[in-house]
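So the protein lines, in turn, are chains A and B. For the first sequence, the working numbering assigns the number 210 to the initial residue and increments by one for each residue that follows. For the second sequence, the working numbering assigns the number 210 to the initial residue and increments by one for each residue that follows. Each residue gets a CB set at the ideal place from its N, CA and C atoms; glycine is no exception.
There are 2 protein chains.
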Amino acid sequence: MAKRVRLLDVAKAAGVSQGTASNAFGKPDLVRKEVRERILEVAKELGYRGPHVMARMLRTGKAGALGVVFPDNLEYAFSDPVAIELLRGVGRECARQAVNMMIISAENPEQAITAINNAAVDAFLVHCYSDDNDIISAIQRRNQPLVCIDTDIAGAAGTVVLDDFAGAQMAAQHLIDCGARKFAILSLQANKAENFGPMNAKRRGAVSHRVVRERLGGYHAALKKAGIAIEDIVHIECENMSSHSAEMVETMLRDHPEIDGILAMSDVIAIGALDGARAAGRKIPDDLKVIGFDGIAEGERTDPPLSSIRQDSVEKGRLAAEMALGEAESDSRVLETSLLVRGSTR
Amino acid sequence: MAKRVRLLDVAKAAGVSQGTASNAFGKPDLVRKEVRERILEVAKELGYRGPHVMARMLRTGKAGALGVVFPDNLEYAFSDPVAIELLRGVGRECARQAVNMMIISAENPEQAITAINNAAVDAFLVHCYSDDNDIISAIQRRNQPLVCIDTDIAGAAGTVVLDDFAGAQMAAQHLIDCGARKFAILSLQANKAENFGPMNAKRRGAVSHRVVRERLGGYHAALKKAGIAIEDIVHIECENMSSHSAEMVETMLRDHPEIDGILAMSDVIAIGALDGARAAGRKIPDDLKVIGFDGIAEGERTDPPLSSIRQDSVEKGRLAAEMALGEAESDSRVLETSLLVRGSTR
DNA sequence: GTGCAATAATGAATCGATTCAATGAATGCA
DNA sequence: TGCATTCATTGAATCGATTCATTATTGCAC
């Protein structure tokens, strides 16, 4: 293979200094028009392909890219509807700022750390639930701006979270207003260690995932206020997959026929719950009210359409990107939620 | 800000050559254990953050990333279910090969070209419909492996496409088998220039998007064989959005009450068609059969569930990534489709 | 014609690693 | 003891740009 044509070669051939040749490409207004044109012409003749990206990066220190990390589960980034909305928002802001989007990919945590160390980016965005994490430390070691989404980590440059507590409270209050009295909570995974199924008090007390902790707190607060004892609530921890929650709910409803209100921590789980309830012979919303969390588009098409707590995940991603790229005003934002009433509670 | 600690600083402090220090990090087995440990220790003391990514890239010429470009519409990449599956596949392969995934982001074609020129990647993957494209040229100018998905472009290192013709043929044949005789085809955008609505013969003759050309050809072939004249088919070009196709279909069904079979070039369009047909008072599948294309998961939950031509978009993305990263056997692959019969044609 | 400012161009230093031919030391074998 | 071989280390060259202090040129006003 022929040796790559360098800027220096172009400069020599055009009879100008390397500095001028560089400016002809990067800062055209610093070079006299005719000189610049000659340089570009010579460049074309020699087959120069434009400034070498890596060399420029090394010199300028700018990568022109934002790193996006999903430590908990990487396949999840392109599967979960909420994660996808998040990515859409990140992409939107990156496009606005003319910065590329580097998705850190890995099959396991160890690989992820290597991937992080090899990524030429200017800042990191990390979406995760747990806050104790080798991956987070690896990012922090790079000493670049880091914005955390959905969790608050000490030392992060910024944080974007939801007011999960208030949202959950709203959800539970809504079910109470609809007349439900016997509740089941379908929780997202609460800890690093998987432990799906009924959730005992001990595990409820040791929730390391911020989102789960807050939402659980919000549910409990509203229910308590309505005079419902926490011990009377059925807690189940579900994988964030409709098929999984469907199974769980079907079983659960057979064991606890009295349940008339289901609080699901995600719409994906809630959609499965609708299926499970149908399989267990319940009529929704007559026998049983179900409310999800997130307000994803799929919730419009379920049978019946799913009530939920709407969050703006696109904006969440966009905002986080904006922060990471250093254009945001504050370094910590809490987004609000709103109640979305549809057929599953009406 | 204190000056960054360089490898050279570490080497000096540890009393070894820079080469040895480099090896201590990059090729540990070339350095005696005690020496390596001392180097690492000194590095930690000095606050050395590990080899500088950009410097390494410049020297080695490897970026450790795969560029992914969506020239037609960038927001689309995180909106369309099929594009997302594609990304999932790409992500899977990238993870397997320990390579990051650089999503080229831009708001307009001009910006996209800059973004491409600024991206430190080892290869490119491009998903697009049209084959004449400034963006493609920009990528080709970089002289790196380029794999095209869903279109075949001269000079690409590889191509991954679907047997769209056969799939479309299968779809049309299925509707014929179900007894439909009066057809409407809901096409994806056929050309760079947007022109949604009824599609005249002239526009049908000048389809620049390969996918549309092939699928249209497949539909026509099957219908012709069944003795249906092309002129009797209603052609409508839709935006790939359910809400848009719903409107189009509702209007279309009022103008053409005889239609009893709808061939949609995507499931997204088909799902809108179900809504539009319902709004126009049709019963599916009794009055009207509808079949989509792609076989996306959402099709299971529509009312009625959507028949479709299934394609494995995840595998399409994975395979393309594999090719681009240079591990695939061949440089051109055509994937097969299969018929997915559900409620909308039964 | 002189002085001053503005504009162009120069060329060497720099960004921070990796690589590789050369050298030195240590080991194995006859 | 001598020679070949292996293992560890060195140090300079290299990857390919950008930057910036300096010099050269031009234009303009008085």
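- In this structure, DSSP gives Ser516/A an extended state, which the three-state scheme calls strand.
- Under the Cβ criterion of 7 Å, Gly273/B is counted among the residues facing chain A.
- Under the Cβ distance rule, Arg297/B counts among the residues neighbouring chain A, one pair being separated by less than 7 Å.
- Within the same chain, Leu216 come within 7 Å of Ser231/B by CB-CB distance, once the 5 residues on both sides are set aside.
- Using a Cβ-Cβ cut-off of 7 Å, Ala488/A does not count as an interface residue toward chain B, since no Cβ of chain B sits closer than that to its own.
- Within the stretch 253-297 of chain B, the alpha helix (DSSP H) runs of at least 4 residues that lie entirely inside it are, in chain order, 262-269.
- Apart from the 5 residues on each side of it in sequence, Gly508/A sits with its Cβ closer than 6 Å to the Cβ of Asp476, Leu515 and Ser517 in its chain, given in chain order.
- From the listed residues Ala380/B, Tyr257/B, Ile348/B and Glu243/B, the smallest Cα separation to Ile362/B is found for Ile348/B.
- Counting only the Cα atoms, Ser339/B lies some 16 Å from Gly367/B.
- Taking a Cβ-Cβ threshold of 7 Å, the residues of chain B close to Cys303/A are Ser314, in chain order.
- Only residues of its own chain outside the window of five on either side were considered, and among them Arg245 have a CB closer than 8 Å to the CB of Pro237/A, listed in chain order.
- The Cβ-Cβ distance between Met474/B and Ser522/B does not fall below 7 Å.
- When C-beta atoms of the stretch 498-508 of chain B are compared with those of the stretch 454-474 of chain B, three or more pairs fall below 8 Å, so the two segments count as touching.
- Three or more Cβ pairs closer than 8 Å define a contact, and the stretch 391-406 of chain A falls short of that threshold against the stretch 220-230 of chain B.
- Sequence-distant partners of Leu355/A (beyond 5 residues in either direction) whose C-beta falls short of 6 Å from its own C-beta, in its chain, are Phe333, Ile348, Ala365 and Ala366.
- Where Phe392/B is concerned, the enclosing beta strand (DSSP E) starts and stops at Phe392 to Ser396.
- At the C-beta level, Glu536/A and Gly298/A stay beyond 7 Å of one another.
- Straight across, the Cα-Cα distance linking Leu249/A with Ile322/B is about 18 Å.
- Taking 8 Å as the upper bound on Cβ-Cβ separation, chain B lies near residues Glu507, Arg510, Thr511 and Asp512 of the stretch 494-518 of chain A.
- A contact is defined here as three or more CB-CB pairs under 8 Å, and the stretch 427-441 of chain A meets this definition with respect to the stretch 369-385 of chain A.
- For the 7 Å CB-CB criterion, Val370/B and Val543/B form a contact.
- Residue contact with chain A for Phe392/B: absent (no Cβ-Cβ distance below 7 Å to any residue of chain A).
- Residue nearest to Leu296/A within the set Ser314/A, Glu403/A and Val277/A is Val277/A (criterion: CA-CA distance).
- Met310/A sits away from Leu283/A, with the two beta carbons spaced by 7 Å or more.
- With respect to the 7 Å criterion, Ile394/A and Ile442/A are classified as neighbours on the basis of their beta carbons.
- Spanning the alpha carbons of Glu459/B and Arg412/B requires a straight line of approximately 22 Å.
- If you ignore the 5 residues before and after Arg305/A, its C-beta comes within less than 6 Å of no other C-beta in its own chain.
- Using a Cβ-Cβ cut-off of 7 Å, Gln320/B counts as an interface residue toward chain A, since at least one Cβ of chain A sits closer than that to its own.
- When the Cα atoms are used, Phe405/B and Ile445/B turn out to be separated by approximately 7 Å.
- When the alpha-carbon of Leu255/A is set against those of Gly436/A, Val214/A, Phe392/A and Leu549/A, the nearest one is in Val214/A.
- Closest by C-alpha distance to Met450/B, out of Ala482/B, Arg301/B, Ile385/B and Thr511/B, is Ala482/B.
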